[in-house]
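Just so you know, we're using the UniProt record's numbering here: the sequence shown kicks off at 1 and counts up by one.
A virtual CB, placed ideally from N, CA and C, is assigned to each residue, including glycine.
Predicted model, so just to flag it, every value in this text is computed and none were measured.
Working notes for the structure below.
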Amino acid sequence: MNTGENHLMHLHGFRFYVVRTGVGDFDNVTDPLTYNLVDPPEANTHMSWGMDTVFIVRNDNTEESAILPPSAYMPPCETDSLYVPRQSMFQKEE
């Protein structure tokens, strides 16, 4: 993205490994050659500067402006990976 701010990819409720960062268009031939698959950092962050717009929500009375109900496929909070221990392929067994 050609913006004034870097925008981290974030996935709420899950931890993930950052195997590469960059700018510009993704090249599926050359970019994978630069992935850090040996010791990528684990991330579970969210950019705080984006939170000011996350909470500006208005549920109006018309079908076009009302907030939709959650999807039937929305995982419940108790399945949040922050609280469910699991072994990653990048973590060494102790």
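In chain order, what residues of the same chain lie with their CB nearer than 8 Å to the CB of residue i, ignoring the 5 residues before and after it?
i   : result
M89 : Residue placement at M89 cannot be trusted, given a pLDDT of 49 that sits under 50; what the coordinates show is reported in the next sentence. Around M89: no qualifying Cβ.
Y35 : V19, R20
D31 : R20, G22
Under the DSSP definition of a beta bridge, which residues are partnered with residue i?
i   : result
F16 : A43
For a test of the three-state rule: what should DSSP assign to residue i, helix, strand or coil?
i   : result
P70 : coil
T21 : coil
Using a Cβ-Cβ cut-off of 7 Å (strictly less than) and excluding sequence neighbours within five positions of residue i, which residues of its own chain qualify?
i          : result
residue 97 : No information on residue 97 is available, as it lies outside the stretch 1 to 94 that the chain covers here.
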